[in-house]
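Visitor: One line per chain: the protein sequences are A and B, in this order. Take 1 as the starting number for the first sequence in the numbering used here and just add one per residue. Take 117 as the starting number for the second sequence in the numbering used here and just add one per residue. Virtual Cβ for every residue (Gly too), placed ideally from N, Cα, C.
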Amino acid sequence: MTVNDIKNLLEAKILCGEEHIDREVHTACGSDMMSDVLAFVKDQSVLLTGLCNPQAIRTAEMMDIVCIVFVRGKMPDESMIELAEERGIVILSTSMRMFPACGILYTNGLRGGVDN
Amino acid sequence: MSDTIKLHYTVSPDDFTRAGEASGDVKSKLKKMGVSPEAVRKVAIAMYEGEINMVIHADGGDIDVEISENDITMILADKGPGIADVEKAMQAGWSTAPDNIRSLGFGAGMGLPNMKKYSDDMKIDTELGVGTTVTMKVNM
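#1: Is the Cβ-Cβ distance between Asn-230(B) and Ala-60(A) less than 8 Å?
#2: Taking the C-alpha atoms as reference points, what is the distance between Asp-22(A) and Asn-4(A)?
#3: Considering Cα atoms alone, identify which of Ile-121(B), Arg-218(B), Ala-155(B) is closest to Asp-180(B).
#4: Tell me the DSSP bridge mates of Glu-24(A)?
#5: Closest Cβ-Cβ distance between Ala-101(A) and chain B: below 8 Å?
#6: Which runs of the alpha helix (DSSP H) at least 4 residues long sit entirely within the stretch 188-250 of chain B? Give them in chain order.
#7: On the premise that Val-37(A) lies in contact with Met-63(A), defined as a C-beta separation below 8 Å, what is that separation, rounded to the nearest angstrom?
#8: Which residue comes first and which comes last in the alpha helix (DSSP H) that contains Leu-146(B)?
#9: Determine the DSSP secondary structure at Thr-120(B), reduced to helix, strand or coil.
#10: Could you compute how far the alpha carbon of Ile-104(A) sits from the alpha carbon of Leu-51(A)?
#11: Looking only at its chain, what residues have a beta carbon closer than 6 Å to the beta carbon of Val-90(A), apart from the 5 residues adjacent to it on each side?
#12: Give, in chain order, every residue of the stretch 57-74 of chain A whose Cβ lies closer than 9 Å to some Cβ of chain B.
#13: Determine which residues share a DSSP beta bridge with Glu-182(B) and list them.
#14: Between Thr-249(B) and Ile-240(B), what straight-line distance do the alpha-carbon atoms span, to the nearest angstrom?
#15: Please go through the same chain and pick out, in chain order, the residues whose beta-carbon is closer than 6 Å to the beta-carbon of Asn-255(B), but skip the five residues on each side of it.
#16: Thinking just about the alpha-carbon of each residue, which of Thr-242(B), Phe-222(B), Ala-224(B), Asp-131(B) is nearest to the one in Gly-176(B)?
#17: Could you give the distance in angstroms between the alpha-carbon of Ile-161(B) and the alpha-carbon of Glu-11(A)?
#18: Using 10 angstroms around the beta-carbon of Tyr-234(B), count the other beta-carbons present and answer buried if the total reaches 16, otherwise exposed.
#19: When you compare each of Gly-73(A), Lys-13(A), Ala-56(A), Ile-14(A) to Gly-221(B) by their alpha carbons, which one comes out closest?
#20: Here's the rule I'm using: 16 or more other beta-carbon atoms within 10 Å means buried, otherwise exposed. How should Lys-147(B) be labelled?
#21: Can you find a CB in chain B that lies within less than 8 Å of the CB of Met-33(A)?
#22: Looking at the C-beta of Leu-123(B), does it have a partner C-beta in chain A at a distance below 8 Å?
#23: Chain A beta carbons: is any one of them nearer than 8 Å to that of Glu-165(B)?
#24: Just to check my reading of the structure: Thr-27(A) and Gly-112(A) have Cβ atoms closer than 8 Å, yes? What is that Cβ distance to the nearest angstrom?
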């Protein structure tokens, strides 16, 4: 699926990175704990999180994640959007909660990826 | 690349929003140098965890990065409180971070274990009341 498919499936708003909307993504992870994302995630390209601070963007940067989906209607501030834009990371925001958002994406073919 | 490239960063204290700037900079520099994506990723994650640790526990500090032909060495030095029990600190899930850090997405007790996991070699020199120096090496 593409980032645009995620946007449509989750009825999300795109906040930055529209030029990357057609990028293909195959795997995702969902967590509010960035320590766990850094510890357990491998080669995932989408991060779903309710943690709305600059460290969510930094974590995505270190992990080569191409798209962050903020769940539960979280809205990043300008500085976070700027940070993501500089790094070519797409930011989406959906009013859905974590569980249904993950479930919808999983049902539509996105997977959890390889454990490390 | 025959010469060793040296980079220096100062990690500012109490500025959680900026933690990760140094790691991000190293990451993009290594990428530009054509270092393998796997090594870049290992350096980025190990150093980022270290940087976060310096902000949470040690009022910031200094990071020196040396890039040579065979490996990348990161030396993270702080003048923080030191680590009382290194063995415990290395256990996944063991944390002394305050609760407000957990609400920021860290403090799960994965910092040092992650740093060890993503580096090929790690050494901790610590003294209570004096500070901690963590040296990590990632092979090219």
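Guide: So, from the listed chains and residues:
#1: No, the pair does not count as a contact, with Cβ atoms beyond the cut-off.
#2: Rounded to the nearest angstrom, the two C-alpha atoms are 6 Å apart.
#3: If we check each option's Cα against that of Asp-180(B), Ile-121(B) comes out closest.
#4: According to DSSP, Glu-24(A) bridges with Thr-2(A).
#5: So no, Ala-101(A) is outside the interface.
#6: You should have 202-205, 215-218, 227-234.
#7: Correct: roughly 7 Å between the Cβ atoms.
#8: Start and end: 137-149.
#9: Three-state result, Thr-120(B): coil.
#10: Ile-104(A) and Leu-51(A) have their C-alpha atoms roughly 20 Å apart.
#11: Only Val-3, Gly-17, His-20, Cys-67 meet the Cβ criterion.
#12: For the stretch 57-74 of chain A, the set of positions with a beta-carbon nearer than 9 Å to some beta-carbon of chain B reads Ile-57, Arg-58, Thr-59, Glu-61, Met-62, Met-63, Asp-64 in chain order.
#13: The partner list for Glu-182(B) (beta bridge, DSSP) reads Lys-122(B), Thr-189(B).
#14: When rounded, the distance between both Cα atoms is 6 Å.
#15: Annotation for Asn-255(B): Asp-187, Asp-236 place their beta carbon closer than 6 Å to its own, counting only its chain and skipping 5 residues before and after.
#16: With distances taken between Cα atoms, Gly-176(B) lies closest to Asp-131(B).
#17: About 32 Å.
#18: Around the beta carbon of Tyr-234(B), 16 or more other beta carbons sit within 10 angstroms, so the residue counts as buried.
#19: Residue Ala-56(A) holds the alpha-carbon nearest to the alpha-carbon of Gly-221(B) among Gly-73(A), Lys-13(A), Ala-56(A), Ile-14(A).
#20: Counting Cβ neighbours within 10 Å, Lys-147(B) comes out exposed, since fewer than 16 surround it.
#21: It does: the Cβ of Met-33(A) has a partner Cβ on chain B nearer than 8 Å.
#22: No, Leu-123(B) lies away from the interface with chain A (no Cβ there is under 8 Å from its Cβ).
#23: Closer than 8 Å to some Cβ of chain A, the Cβ of Glu-165(B) qualifies, so yes.
#24: Taking the Cβ atoms as the reference, Thr-27(A) lies roughly 6 Å from Gly-112(A), within the contact range of under 8 Å.
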